[in-house]
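Under the numbering used here, the first residue of the sequence shown is numbered 41, with each subsequent residue one higher. Where is the CB? At the ideal position from N, CA and C, for every residue including glycine. So the structure is just underneath, and the comments pick up after that.
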Amino acid sequence: GSHDTMTYCLDKSSAVSGNGSKLVKLLNKCMPCIVHPIIMKWSTTQVLTVTEQLEAGVRYLDFRIAHKANDPSMNLYFVHMVYTTVTVQDVLWEVLRWLETHPQEVVILACRNFDGLTRRLHCHLTACIKEIFQCKLCPRNVSVMLFFYLSFFKNKANLHLTVWRRGLNLTLMSVELAEQLLFSSKEYLMCHFLIFLSEKFFVAGINLTENLRYILLHPFGSLKKMTLRSLPCLKIWIKQQYPGPKKECINIIAGDFIGNNDFVKDVIELNTKI
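Below, the structure written as structure tokens:
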């Protein structure tokens with residue numbers, strides 16, 4: 041899987057999104073020529089297009105959906121600090137075209153965030169998904185899904201729960217690896233785990249996330265440089281995982297810059313352990 045799938049097409053002229061920090065918005069307003077390029081460097085998590093990601097072997101797409109503030113249209117975009125150049129509808133059509141040429145493949149679309157979406161816009165998004173994919177959508181009675189987000193920072197966990205369908209008895213997967221993945225910069229970095237549960241179905245999304253202090257201390261750095269440095273450690277961890285229904289198992293691993301290293305290959309090879 042890919043984390044923040046659509047950040048390869050962030051709009052260089054976009055304003056900071058509605059959920060961006062007030063300080064970042066102020067700095068971007070006062071010094072856009074300096075601040076905006078820095079925002080782009082630390083917001084981009086992928087370089088391959090969605091089709092290229094699918095061709096590379098990704099089957100889990102992480103879609104952060106938003107509606108631009110003061111935009112009178114019904115257009116929805118993807119967001120990660122700033123908005124994308126492409127709309128959600130255009131990308132859904134692109135995914136459909138790929139599925140039509142690969143009829144035996146299954147793709148999971150993890151839609152979340154929904155910044156600025158009113159009930160009307162949410163209904164519009166649902167209608168677009170149904171209209172575009174039609175019979176390709178997984179029937180409601182096949183699986184029940186719930187996903188939530190765990191953020192670890194200095195051994196403190198904050199749980200943000202978004203329930204799509206109700207009535208599940210959940211068991212929380214152990215994420216003791218968080219401490220190991222903070223590497224030498226744990227005082228500045230957050231290690232994020234996206235855990236996606238459907239009965240005995242687990243997804244671990246591993247990505248290093250900087251905070252403002254870290255960025256200020258590394259003015260010439262970028263998320264890509266930071267991620268590439270960590271890939272050898274992540275590669276070791278990936279090879280230690282086991283797929284399956286047990287609570288210590290993982291079924292999907294989502295990462296940043298999935299075209300680098302052998303990330304997709306290593307994840308797919310875990311199937312040989314089944």
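For residue i, three-class secondary structure by DSSP
{"i": "residue 105", "result": "strand"}
{"i": "residue 54", "result": "coil"}
{"i": "residue 116", "result": "coil"}
{"i": "residue 165", "result": "helix"}
{"i": "residue 282", "result": "coil"}
{"i": "residue 312", "result": "helix"}
{"i": "residue 148", "result": "strand"}
{"i": "residue 127", "result": "strand"}
{"i": "residue 42", "result": "strand"}
{"i": "residue 267", "result": "helix"}
{"i": "residue 298", "result": "coil"}
{"i": "residue 93", "result": "helix"}
{"i": "residue 76", "result": "helix"}
{"i": "residue 173", "result": "helix"}
{"i": "residue 262", "result": "coil"}
{"i": "residue 62", "result": "helix"}
{"i": "residue 273", "result": "helix"}
Close beta carbons around residue i, own chain, < 7 Å, minus the five adjacent residues each side
{"i": "residue 173", "result": "136"}
{"i": "residue 320", "result": "With the chain covering 41 to 314 only, the question about residue 320 has no answer from this structure."}
{"i": "residue 134", "result": "90, 91"}
{"i": "residue 255", "result": "78, 82"}
{"i": "residue 139", "result": "145, 147, 176"}
{"i": "residue 104", "result": "44, 118, 119, 120, 152, 153"}
Beta-ladder partner(s) of residue i, from DSSP
{"i": "residue 153", "result": "105"}
{"i": "residue 122", "result": "56, 120"}
{"i": "residue 292", "result": "243"}
{"i": "residue 100", "result": "148"}
Chain-order list of residues whose beta-carbon lies under 8 Å from that of residue i (same chain, five-residue window excluded)
{"i": "residue 170", "result": "177"}
{"i": "residue 164", "result": "114, 116"}
Contact test: residue i Cβ vs the ligand FAD heavy atom, cutoff 7 Å
{"i": "residue 313", "result": "With respect to the ligand FAD, the structure shown offers nothing to examine, as it has no ligands at all."}
Cutoff 6 Å; reference residue i; Cβ partners in own chain excluding five residues on either side
{"i": "residue 46", "result": "118, 124"}
{"i": "residue 67", "result": "75"}
{"i": "residue 147", "result": "99"}
{"i": "residue 313", "result": "282"}
Problem set entry | Cβ contact check for the stretch 139 to 152 and the stretch 70 to 83: 3 or more pairs under 8 Å | no
Problem set entry | Given 8 Å, three or more beta-carbon pairs between the stretch 256 to 274 and the stretch 83 to 98 | yes
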